[in-house]
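Visitor:
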Amino acid sequence: MTSLELEALLGLLGGARHIVIGTDFASRPDGDRIAAAWGGVVLTTVAWPETAASWLRQAHRFAAPEPDAWVVSATPAGWAGMARRLQLSTSWSPHRTFATSALAGYPLPGLRGARADGTTWETR
517 MTSLELEALL GLLGGARHIV IGTDFASRPD GDRIAAAWGG VVLTTVAWPE TAASWLRQAH
577 RFAAPEPDAW VVSATPAGWA GMARRLQLST SWSPHRTFAT SALAGYPLPG LRGARADGTT
637 WETR
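To convert a position in the sequence shown, counted from 1, into the working numbering, add 516.
1. With C-beta atoms as the reference, is G547 less than 8 Å away from A532?
2. With distance defined between alpha-carbon atoms, name the residue in R573, F541, E638, G634 nearest to L602.
3. In terms of residue numbering, what span does the alpha helix (DSSP H) encompassing A551 cover?
4. Should W595 and G621 be called a contact, given that it needs their Cβ atoms to be closer than 8 Å?
5. Could you name the residues of the same chain whose beta carbon sits closer than 7 Å to that of H611, not counting the 5 residues immediately before and after it, in chain order?
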């Protein structure tokens with residue numbers, strides 16, 4: 517994650533007071549960097565494997581705190597199963613979720629994020 521990407525991601529969070537950060541295992545260092553830079557409350561950080569039997573436990577931990585926003589730092593492969601489980605089993609909303617550049621263009625309407633060059637994106 518670049519400094520420009522981190523700055524843009526934090527800017528997207530706007531007036532959020534508390535967030536939940538989610539990462540796959542490969543992206544955990546970026547999740548830690550986001551947590552350190554965030555000026556508000558991080559309710560929890562949830563990490564998940566790229567492959568799992570169901571991701572149900574991680575999805576419930578990710579969605580349960582009902583934050584102002586969710587922040588995701590994951591590879592497309594690491595996010596695919598988790599996103600599917602979140603949609604099927606929780607009240608999670610992609611419209612309140614912000615992601616790092618690795619997920620730019622991920623086919624989930626409402627998901628927004630920042631690119632490495634500091635520009636932002638939204639999946640429609």
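Quick reminder that beta carbons are idealized off the backbone N, C-alpha and C, glycines included.
Guide: Result, derived from the coordinates:
1. The answer is no: Cβ separation not under 8 Å.
2. That would be R573, whose Cα lies nearest to the Cα of L602.
3. Unbroken alpha helix (DSSP H) run through A551: 544–553.
4. Contact flag unset, no.
5. Contacts found: G626.
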